[in-house]
Amino acid sequence: MERVTLRIPKQQIEEVERMVDTGEFPNRSEAIRSAVREMLNEQDEGRDESRPWAKV
1 MERVTLRIPK
11 QQIEEVERMV
21 DTGEFPNRSE
31 AIRSAVREML
41 NEQDEGRDES
51 RPWAKV
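Per our numbering, the sequence shown starts with residue 1, numbered consecutively.
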């Protein structure tokens, strides 16, 4: 796994921290990885919708 450094607004990090504190995620890194996976999955689904023949 590679390390990536990014800047995230304080309010968003506080929301991520709340998700960690409530046990939704074990840590901030896993929460952010999950968000990236979800974004990539949504993009893949959008591509498939624009190509109906791709679902065959």
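For each residue, glycine too, the CB sits at the ideal point set by N, CA and C.
In terms of CA proximity to residue 31, 19 leads the group 45, 41, 19 and 44. A direct Cα-to-Cα measurement between residue 21 and residue 41 gives close to 26 Å. Here residue 36 is exposed, its C-beta having fewer than 16 other C-beta atoms within 10 Å. A check of alpha carbon separations from residue 9 across 17, 39 and 2 identifies 17 as the nearest.
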